[in-house]
Amino acid sequence: MSKSLWLQTAYPRDDFPSLQQDVHCDVCIVGGGLSGIANAYFLAKEGKDVILLEKDTILAGATGNSTGKLTAQHDLIYAKLLKKHGQADAKLYYDVNEEALQFGRSFANKDELKKADSILFSQTKHGTELLRHEARAYEQLGIPGEFGRNSELPLPLESTLTLKDECQIHPVRFGQKLARMAVEAGARIYENTDVLLMDLKKRIVHLKSDYEIRFNELILSTHYPIEALRGMQIMKLAVDRSYIVAAEADMALQGQYISIDSPKRSIRTAQIDGNTYFLLSGANHKAGLEGNTKEHYNRLYTDLKNTFNLSDFITGWSAQDPQTPDMIPYAGTISAGLPYVYLSTGNRKWGLSNSLASARIISDQIIGRTNRATALYAPDRTGFGSLLLQTLKNTGLVIKEMASGYTTRLDAPTCTHMGCKTRWNNAEETWDCPCHGSRFRKDGSVLEGPATKPLEL
Ligand SMILES: Cc1cc2nc3c(=O)[nH]c(=O)nc-3n(C[C@H](O)[C@H](O)[C@H](O)COP(=O)(O)OP(=O)(O)OC[C@H]3O[C@@H](n4cnc5c(N)ncnc54)[C@H](O)[C@@H]3O)c2cc1C
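Numbering (numbering that gives the first Met the number 0), first residue to last: 0 to 456.
Here it is, written out as structure tokens:
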């Protein structure tokens, strides 16, 4: 896998040290993506003694490999939220994500954030029906959408649904700025500091380097809950993988787009240091279930060439994101039994605004401030029919894959997380686990959790 456009064009790196001693802190944050960094900033600003631990370098996980749309238009979602969660909660979801945009606008400069309309588009009659349905939900919720036919893209469009004046970001520069603000507010950030184990009862985090951190409160923002939490949230997340390719372009688009017909495509441009890039994303599939991932890149490159007439390809990369069964992320205390352990995950590929919203929820909980979205994002919420259904589906897959993992060790190694059989991914040259999304490098070392131990090859 190549480095994302964002990681290639990041600001010069601030060198954060590796932690080389035992320490104590008020709040220990594990994971240096946007979620962890936003929590570090909010809490340090409130005077908390905060430590953030990142196993590699900050922002090189899902955040640095995203598409960088900072918007409350999360594909087709509001009609579904209305149906599943009702009017008040669907509106609340929109509001907290819009507030996240306002926060982004309050500190980011033009190299980090730009105004852009968010646009869903359809090329079929069926798609137009879905868009009309979504537009009716916007109306019901008071979301200022415009149903019509925008003609900026060189595609025959049937209809569009536009949410004006949303944002797009350079996710790495945006996160780097926020990390600097967190440090200025007093947070301590450590890179190359890998959390291996957690003793949640004694409130100790153990590092791979044998040092330990004693904490009062712990935030897990590792993108996916790590091993010590097995069995708690794990069965309630499905992981989806997507691909992104970038090419040089002559002109920037005003809007950022998502097709709602098949094949699914997400489109935006980015202007970085005087150059313009066109980003095309799609070819989604359930993580770990496909071997020939080169095909997905090839499909996107073909689209860039044939549909958009672009052939100066720059790079291609891929990433994955877990989703909860009821579409709302998990953010907050994990359970009443562990009131000092917080989790942020399950963003369904909309974790840029949601990471900021989630960090508000978690930091408010820690500070003792009321946040009206606490219950909506609570990780231990239950009671939805769809939750049950999806959970059953997910656990069915897990059980099946675990069984084959335990019995068939002939061709692929077993994931060190929960024993599922991994699959070789020939484009990225990684071993991918279909159960919970762990990924391992060719040599067996961990690339992405929840697994924390290397494969036995
Ligand atoms: C292809 C794709 C495109 C996307 N595009 C968008 C978009 O346009 N808009 C949007 O809103 N969302 C988008 N998303 C979703 C968004 O990128 C994620 O939801 C969000 O970045 C998650 O942030 P995070 O901080 O939770 O995780 P991450 O950014 O992955 O950060 C987690 C960090 O934890 C670290 N970590 C893990 N384990 C340990 C450990 N044991 N010890 C120490 N550190 C550890 C990792 O190294 C990593 O740096 C996209 C997702 C995908 C897959």
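Positions of the beta carbon are idealized from the N, C-alpha and C atoms, including for glycine.
Burial state of residue 322 (16 or more Cβ within 10 Å): buried
Burial state of residue 335, where buried means 16 or more other Cβ atoms lie within 10 Å: exposed
Residue 441 versus 449, 428 and 434, residue with shortest Cα-Cα distance: 428
Sheet register partners of residue 198 (DSSP bridge): 203
Residues of its chain near residue 122, where Cβ-Cβ distance is below 8 Å and the 5 sequence neighbours each way are ignored: 154, 155, 156, 157, 258 and 260
Any non-hydrogen atom of ligand 1 closer than 7 Å to residue 194 Cβ: yes
Residue 2 in three-state terms, based on DSSP: coil
Any 3 or more C-beta pairs closer than 8 Å across the segment 52–63 and the segment 22–41: yes
Residue range of the unbroken beta strand (DSSP E) whose run includes residue 121: 112–121
Contact check, residue 116 vs residue 315, beta carbons under 8 Å: no
Per-residue burial, residue 106 [other beta carbons within 10 Å of its own, 16 or more giving buried]: exposed
Cβ neighbour criterion (16 or more within 10 Å) applied to residue 178: buried
Beta carbon of residue 175 nearer than 8 Å to that of residue 58: yes
Cβ neighbour criterion (16 or more within 10 Å) applied to residue 250: exposed
Residues near residue 346 in its chain [Cβ-Cβ closer than 6 Å; skip 5 each side]: 320, 328 and 353
Distance between residue 455 and residue 413 (C-alpha atoms, nearest Å): 8 Å
Residue burial classification, residue 70 (beta-carbon count within 10 angstroms, cutoff 16): buried
Distance between residue 326 and residue 387 (C-alpha atoms, nearest Å): Confidence at residue 387 is low in this model, with a pLDDT of 31, below 50, so its placement is unreliable and the value that follows should be read with caution. For residue 387 and residue 326, the distance between alpha carbons rounds to 13 Å.
Chain-order list of residues whose beta-carbon lies under 6 Å from that of residue 204 (same chain, five-residue window excluded): 27, 194, 197 and 212
According to DSSP, residues forming a beta bridge with residue 319: 240
Cβ-based burial, residue 85 [other Cβ within 10 Å; buried from 16]: exposed
Spatial distance of residue 296 from residue 244 (CA atoms): 7 Å
Buried versus exposed, by CB contacts within 10 Å (16 or more), residue 372: buried
Strand pairing of residue 477, partner residues [DSSP]: Any property of residue 477 remains undetermined from this structure, which presents the chain solely from 0 to 456.
Length of the line joining the Cα atoms of residue 458 and residue 48: Residue numbering for the chain in the displayed model covers 0 to 456; residue 458 lies beyond these limits and cannot be assessed.
Any non-hydrogen atom of ligand 1 within 7 Å of residue 222 CB: yes
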